[in-house]
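Below is one structure; the comments refer to it alone.
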Amino acid sequence: MSEEENKAIVRRVNDEVWNMGNLEAIDELIADDFVTTVIGAPEQIRGPDGFRDFVLMYRKAFPDLRLTIDDQIAEGETVVTRWTATGTHEGELMGIPPTGKQATTAGININRISGGQLVDGWGIFDQLGLLQQIGAVPVATQV
Amino acid sequence: MTVKHFGVSVFGSIPQPAHMPCQECGASVPVLERDEHVCSEQRRLEYRLFQLRAELAAFDELFAAYLESPRGRFELWCAERERRSKPG
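Protein chains in written order, with the working numbering: chain A, 162 to 304; chain B, -18 to 69.
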């Protein structure tokens, strides 16, 4: 597949899975042996079921989650995606009760695509900022 | 390439979020634009209702329990009688 097609696969994951909550698309877009590392997460996300659980955790906490791709760079099978996500905290997130507050975070994912599916990845996003915005971590005003 | 400004200050300080929720309406507002933020009345109302959801749920339960009590049932009976007695 071309680099543009690989970028389109990642855009489909963002639009259909993250934004529209179409979890059935995961089986089409995520490889059975998919493994991704999210920095700060206690363990790697593995396979379509692991990815589904990860998406569900955030979509339950932020039902109106909107993820926007700010930039994409592709080289061979690798696609780098810089994104911004906004959502309203209406469900429990990792034990943090809902606050009704809107939060915005940003991150970068690096994915390898093969045969029209994400096969592995690495991601990092501003988890501290997200927790600060929903009041789970205090915001330091002075050092 | 245009890159949005996400970090207020990166080095030499504790990381600060680039966005924070408005205290009045809960909307996510870029920290650098908070002085220009104007709350949406709809969003402010929804945010307030969300904060009060436990009280609202408790009220609904208390009200339902009251309507099941002897006094509540009597008041329902009176209200129904009044409604039926009105012309039209």
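Glycine residues also receive a C-beta, built at the ideal position from the N, C-alpha and C atoms. Being a predicted model, the structure only gives us computed values, none of them experimental.
Integer-rounded CB distance, given that F195/A should sit under 8 Å from P209/A: On the first sequence, position 48 is the one that residue 209/A refers to. On the first sequence, position 34 is the one that residue 195/A refers to. About 7 Å; that satisfies the 8 Å criterion.
M218/A - DSSP class collapsed to helix/strand/coil: Residue numbering aside, residue 218/A sits at position 57 when the first sequence is read from its first letter. In this structure, M218/A counts as helix in the three-state DSSP scheme.
Contact with chain A by S9/B, beta-carbon distance below 7 Å: Translated into positions along the second sequence, residue 9/B becomes position 28. Closer than 7 Å: yes.
Within chain A, the residues that Y28/B reaches when beta carbons sit closer than 7 Å: Counted from its first residue, the second sequence places residue 28/B at position 47. Within chain A, the residues near Y28/B are G261.
Among K221/A, A246/A, V216/A, L217/A, nearest to L228/A - alpha-carbon criterion: For the purposes of this step, residue 228/A is identified with residue 67 of the first sequence, where counting begins at 1. L228/A has its Cα closest to that of A246/A, out of K221/A, A246/A, V216/A, L217/A.
Cβ contact check for the segment 232 to 239 of chain A and the segment 266 to 279 of chain A: 3 or more pairs under 8 Å: yes
Environment of C59/B [buried if 16+ CB atoms lie within 10 Å]: For the purposes of this step, residue 59/B is taken as the residue at position 78 of the second sequence. Exposed, because fewer than 16 other Cβ atoms sit within 10 Å of the Cβ of C59/B.
Backbone secondary structure at Q205/A - three-state DSSP: Your numbering for residue 205/A matches position 44 in the first sequence. Of the three classes helix, strand and coil, the one that applies to Q205/A here is coil, per DSSP.
Own chain, CB closer than 7 Å to S66/B, minus 5 neighbours either side, in chain order: As a first step, residue 66/B must be located in the second sequence, where it is residue number 85. No residues qualify anywhere along the chain.
Distance CB(I191/A)-CB(L292/A) smaller than 7 Å: Sequence index remark: in the first sequence, residue 191/A carries index 30 (1-based). Sequence index remark: in the first sequence, residue 292/A carries index 131 (1-based). The answer is no: Cβ separation not under 7 Å.
Under 7 Å (Cβ pairs) to chain B, residues found in the segment 261 to 283 of chain A: G261, K262, Q263, A264, T265, A267
Per-residue contacts from A(-1)/B into chain A (C-beta, under 7 Å): As a position in the second sequence, residue -1/B is number 18, starting the count at 1. Chain A residues near A(-1)/B: G290.
Assumed close pair Q294/A, H0/B - CB separation to whole angstroms, cut-off 8 Å: Within the first sequence, the letter at position 133 stands for residue 294/A. Within the second sequence, the letter at position 19 stands for residue 0/B. Correct: roughly 6 Å between the Cβ atoms.
Where the segment 237 to 263 of chain A meets chain B: residues whose CB sits under 7 Å from a CB there: T247, G261, K262, Q263
Beta-carbon proximity of R207/A to L184/A, cut-off 7 Å: Counted from its first residue, the first sequence places residue 207/A at position 46. Counted from its first residue, the first sequence places residue 184/A at position 23. Not a contact, by the Cβ cut-off of 7 Å.
Per-residue contacts from Q23/B into chain A (C-beta, under 8 Å): Within the second sequence, numbered from 1, the residue matching residue 23/B stands at position 42. Neighbours of Q23/B on chain A: none; closest Cβ ~13 Å, over 8 Å.
Closer than 7 Å to chain A by CB, P68/B: Along the second sequence, one-based indexing puts residue 68/B at 87. No - not a single Cβ of chain A is within 7 Å of the one on P68/B.
Exposed unless 16 or more other CB atoms sit within 10 angstroms - verdict on G276/A: Counted from its first residue, the first sequence places residue 276/A at position 115. It counts as exposed.
Beta-carbon proximity check, G201/A vs Q288/A, cutoff 7 Å: What you label residue 201/A is simply residue 40 of the first sequence in a count that begins at 1. What you label residue 288/A is simply residue 127 of the first sequence in a count that begins at 1. In this structure, Q288/A lies closer than 7 Å to G201/A by Cβ.
Three-state secondary structure (DSSP) of I187/A: Taking the first residue of the first sequence as position 1, residue 187/A is located at position 26. I187/A falls in the helix class under three-state DSSP.
For F44/B and D281/A, the rounded distance between their alpha carbons: For this step, residue 281/A is matched to residue 120 along the first sequence. For this step, residue 44/B is matched to residue 63 along the second sequence. Looking at the two C-alpha atoms, the distance is approximately 54 Å.
Among A38/B, A8/B, Y47/B, nearest to C20/B - alpha-carbon criterion: Your numbering for residue 20/B matches position 39 in the second sequence. Measuring from the Cα of C20/B, the nearest candidate turns out to be A8/B.
Within chain A, the residues that F31/B reaches when beta carbons sit closer than 7 Å: Locating residue 31/B in the second sequence gives position 50, counting from the first residue. Correct list: G261.
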